[in-house]
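A.B. asks: Under this note's numbering, the sequence shown is numbered contiguously, ending at residue 343.
Ideal placement from N, C-alpha and C gives every residue a C-beta, glycine not left out.
Being a predicted model, the structure only gives us computed values, none of them experimental.
Take this structure, written in structure tokens, and hold onto it; I'll ask about it next.
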Amino acid sequence: MSLKNVNAELKTRKLNETVLQNLITLGLLVLISIIITAISPRFLSFTNINNVLLQISLIIIVGSGITLLMISGNFDLSVGGVLALAGVFFAVLCRSGVPTFIAIILAVLFGSLMGALNGVLVVNLKISTIIVTLGTMYITRGLALIFAKGSMISSGLPGDFRKLSNTYFGPISLVIIIVIAVVAIFFFIQSKTNLGQYAYFIGSNRETARLSGVNIGSTVSILYILVGTLAGLSGVILASKLGTGDSSVGDGFEFDTIVAAVIGGTSVAGGKGSISGLVLGAMILGVLNNSLNLLGVASYFQLVIKGLVLVFAIVLQRFIMEKFSN
């Protein structure tokens with residue numbers, strides 16, 4: 018079978034699965050929102066919804082890249098460390114007198130460099146994707162601590178250090194606009210480019226993809242660079258929001274992005290997933306976190322409740338998908 022025919026078959030199957038998966042995830046989101054609204058009417062206020070969107074903005078940004086990477090059958094557990102390192106590096110540059118806009122670009126490119134490192138280790142040295150990114154997670158965490166001298170950088174920063182996160186166009190934050198732009202770009206990559214199609218092809222059957230002429234190494238390397246770039250951008254946004262370069266931020270962030278992708282239908286085995294599903298999965302995470310805080314649930318109970326809801330959501334999705342696919 019030619020690569021063109023295989024791609025056409027994958028597209029049709031992928032579209033059907035994506036539509037069904039997104040409907041299930043959307044139904045879960047609506048159900049949770051209805052329950053929370055009945056208990057706490059404040060949930061549907063514009064201010065609160067805007068807060069939810071801001072809270073999940075970084076998950077959606079980095080998750081857009083993570084989703085395509087997971088579709089290809091790979092993981093990146095270093096994004097939390099890269100996020101922290103990029104934020105600290107951004108603060109170091111600004112404190113050193115580098116213009117803020119230039120510092121933003123350099124910090125984001127630093128994230129791209131870490132993504133490229135992951136790609137080289139995975140592709141060229143043939144090391145397990147999980148082992149590699151666990152290693153770079155520790156490396157980036159350590160470098161963040163070194164640059165921040167064990168804590169954070171909060172003094173000597175310019176007045177426009179927080180401008181990126183504090184800029185609004187009417188009621189809409191610049192951060193939300195960035196999120197929309199990232200989602201639109203990665204939706205286009207997923208559905209309209211060879212990179213997106215190759216990611217599905219590699220994740221569905223790596224050997225068949227290789228025999229059909231897909232450059233697996235280049236595809237996976239580019240995906241890692243994109244993920245690193247998005248993690249770098251998110252680190253800059255978070256540092257701008259906090260007003261400091263904090264080496265301790267992003268702890269557990271990598272798991273939030275993976276969980277959001279999985280809730281949205283991305284398979285940990287590769288070959289399945291979508292950017293739209295990632296957005297819905299992130300929204301479920303955000304709604305759940307926000308609603309538990311609104312209800313004043315103690316943090317230790319929140320962990321249990323979130324775990325139960327997330328497991329239930331994934332099991333329910335799998336059950337419905339299997340019923341409809343038979």
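#1: On the DSSP letters alone, give me the boundaries of the alpha helix (DSSP H) that F106 sits inside.
#2: Considering only their Cβ atoms, is the gap separating L247 from I73 smaller than 8 Å?
#3: Kindly indicate which residue of E271, V304, S308 has the alpha-carbon position closest to the one of S81.
#4: Note down, in chain order, each residue of its chain lying with its Cβ closer than 6 Å to the Cβ of G267, except the 5 sequence neighbours on either side.
#5: Starting from the C-beta of T54, find all residues in its chain whose C-beta is less than 8 Å away, skip the five residues before and the five after it, and write them out in chain order.
#6: Among residues of its own chain, excluding the 5 on either side of I49, which ones have a beta-carbon nearer than 6 Å to its beta-carbon?
#7: What alpha helix (DSSP H) runs, 4 residues minimum, are completely inside the region 261-305?
#8: Name the DSSP beta bridge partners of F186, please?
#9: Cα-Cα, which of I239, A201, I194 is closest to S182?
#10: I'd like the list of long-range same chain contacts for S129, defined as Cβ closer than 7 Å, with 5 residues on each side in sequence excluded.
#11: Rounded to whole angstroms, what's the CA-CA distance from I358 to I280? Just pull it up for me.
#12: Which residue from V285, A315, S291 puts its Cα closest to that of F205?
#13: Report the option in N65, A103, V36 whose CA atom is closest to the CA atom of L123.
#14: Could you please give me the residues that DSSP links to M169 through a beta bridge?
#15: List, from N- to C-terminal side, the alpha helix (DSSP H) runs of 4 residues or more that fit wholly inside the region 206-270.
#16: Report yes or no: do three or more beta-carbon pairs, one from the region 285-301 and one from the region 148-156, lie closer than 8 Å?
#17: Are the region 152-159 and the region 227-237 in contact at 8 Å, needing three or more beta carbon pairs?
#18: Need the endpoints of the alpha helix (DSSP H) that A133 sits in, please.
#19: Can you give me the start and stop residues for the alpha helix (DSSP H) that R179 sits inside?
#20: Using CA atoms only, rank isn't needed, just tell me which of N310, E339, S316 is closest to V69.
#21: Roughly how many angstroms lie between the CA atoms of A226 and V137, to the nearest whole one?
C.D. replies: Reading off the structure:
#1: Looking up residue 106 in the sequence shown gives position 89. F106 -> alpha helix (DSSP H) spans 96-112.
#2: One-based indexing of the sequence shown puts residue 73 at position 56. One-based indexing of the sequence shown puts residue 247 at position 230. Taking 8 Å as the cut-off, the beta carbon of I73 is found no closer than this to the beta carbon of L247.
#3: Taking the first residue of the sequence shown as position 1, residue 81 is located at position 64. Closest by alpha carbon: E271.
#4: Numbered from its first residue, the sequence shown carries residue 267 at position 250. Result list for G267: G97, L100, A101, in chain order.
#5: In the sequence shown, residue 54 corresponds to position 37, counting from 1. Excluding residues up to 5 positions away in sequence, F60, L61 lie with their Cβ nearer than 8 Å to the Cβ of T54 in the same chain.
#6: As a working mapping, residue 49 is identified with position 32 in the sequence shown. A distance below 6 Å between beta-carbons, with the five flanking residues on each side excluded, links I49 to the following residues of its chain, in chain order: V304.
#7: Segments of the alpha helix (DSSP H) lying fully in the region 261-305: 270-280.
#8: The sequence position of residue 186 within the sequence shown is 169, counting from 1. Residue pairing by DSSP puts F186 in a beta bridge opposite I189.
#9: Translated into the one-based positions of the sequence shown, residue 182 becomes position 165. For S182, the nearest C-alpha among the options comes from I194.
#10: In the sequence shown, the residue the question calls residue 129 occupies position 112. Within the same chain, I242, G245, T246, G249 come within 7 Å of S129 by CB-CB distance, once the 5 residues on both sides are set aside.
#11: With the chain represented from 18 up to 343, any question about residue 358 goes unanswered, as that position is not in the structure.
#12: Counted from its first residue, the sequence shown places residue 205 at position 188. Per the Cα distances, S291.
#13: Against the sequence shown, residue 123 aligns to sequence position 106. Comparing Cα-Cα distances from L123 to each of N65, A103, V36, the minimum goes to A103.
#14: Your numbering for residue 169 matches position 152 in the sequence shown. When DSSP reads this structure, M169 sits in a beta bridge with D263.
#15: DSSP runs (the alpha helix (DSSP H)) wholly in the region 206-270: 211-221, 223-228, 233-259.
#16: Because the criterion of three Cβ pairs below 8 Å is not met, the region 285-301 and the region 148-156 do not touch.
#17: No: the two stretches stay apart, fewer than three of their Cβ pairs being nearer than 8 Å.
#18: Position 116 of the sequence shown, counting from 1, holds the residue named residue 133. Run containing A133: 117-140, per the alpha helix (DSSP H) assignment.
#19: Reading the sequence shown from its first residue, position 162 is the one you call residue 179. Unbroken run through R179: none, as it is neither H nor E.
#20: Residue numbering aside, residue 69 sits at position 52 when the sequence shown is read from its first letter. The shortest CA-to-CA distance from V69 to any of N310, E339, S316 is the one to N310.
#21: The count along the sequence shown starts at 1 and reaches residue 226 at position 209. The count along the sequence shown starts at 1 and reaches residue 137 at position 120. One C-alpha to the other measures close to 20 Å.
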